[in-house]
Amino acid sequence: MSAQLETQWIVGFTDGEGCFNLDVHLHKEMTWGIQMQPEFTVVQAEVDVNILHALKDHFGCGTVGVNRRDEYGIRMQFRVKNIKDLHEKIIPFFEQHKLKTKKRIEFERFRTIVLLMHDGYHRQSLSNFLEIIKQGEQLRERQRPAKQKKREKVNLKLAELRKKLEEDPTL
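First residue of the sequence shown? That's 1 in full-length UniProt numbering, and the numbers climb one at a time after it.
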């Protein structure tokens, strides 16, 4: 059974433990060979998985699953990746209940990305697609070196796309 969560507790918890991100990875079947997906994530030790289920119940969306296994044990995550759920549930919640830390700036950037993607802006041109990627890169400024290493192939593909756009600005 999940705990009932107070609104301001969720705000404070997200300020400390939440993450607003734009996941970007290679995907051959996508128009530009890259898939981008905004996601709201909260990670906790396995012992506190009930809190993640309570967040899922509160928002009425998302999934709870394993984030990673490391020397500290199993880390679990609550994650929302569905654009419609982000647009209709997560964004309105944090618009109404403001984050108090620098996480608010991260949320505002994330909000812009979600709104643009919800409206299909990224599908209109390569220029628009790369504009959203650039905004997403601002969300990853604090990323761990191990994750940055995994992005090398994505970064090469992005460089290729940027060169393509320079050669043909109509894309």
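Even glycine gets a Cβ: it sits at the ideal position worked out from N, Cα and C.
This structure is a prediction, so every number in the text was calculated from the model and none was measured.
Below 9 angstroms between beta carbons: does that hold for residue 11 and residue 98? Yes, Cβ-Cβ distance for residue 11 and residue 98 is below 9 angstroms.
Option in 4, 31, 24, 27 with minimal Cα separation from residue 124: The shortest C-alpha separation from residue 124 is found at 31.
Length-filtered (4 minimum) alpha helix (DSSP H) runs lying within the stretch 5–88: Fully enclosed alpha helix (DSSP H) runs of 4 or longer: 7–17, 49–59.
For residue 28 and residue 154, I'd like the C-alpha separation in whole angstroms. Note on geometry: alpha-carbon atoms of residue 28 and residue 154 lie some 12 angstroms from one another.
Within its chain, find whatever has a CB closer than 7 angstroms to the CB of residue 67; leave out the 5 residues flanking it on each side and keep chain order. When the five nearest sequence neighbours on each side are left out, the beta carbons in the same chain lying within less than 7 angstroms of the beta carbon of residue 67 are those of 43, 75, 76, 77, in order along the chain.
How many angstroms separate the CA atom of residue 169 from the CA atom of residue 127? If you take the alpha carbons of residue 169 and residue 127, they lie about 8 angstroms apart.
Which term fits residue 110, buried or exposed, when burial requires 16 or more other beta carbons within 10 angstroms of its beta carbon? When all chains shown are included, residue 110 counts as buried.
For residue 127, does the three-state DSSP call read helix, strand or coil? Helix.
Can you give the Cα-Cα distance for residue 6 and residue 130, rounded to whole angstroms? Across the structure, residue 6 and residue 130 are spaced so that their CA atoms are roughly 38 angstroms apart.
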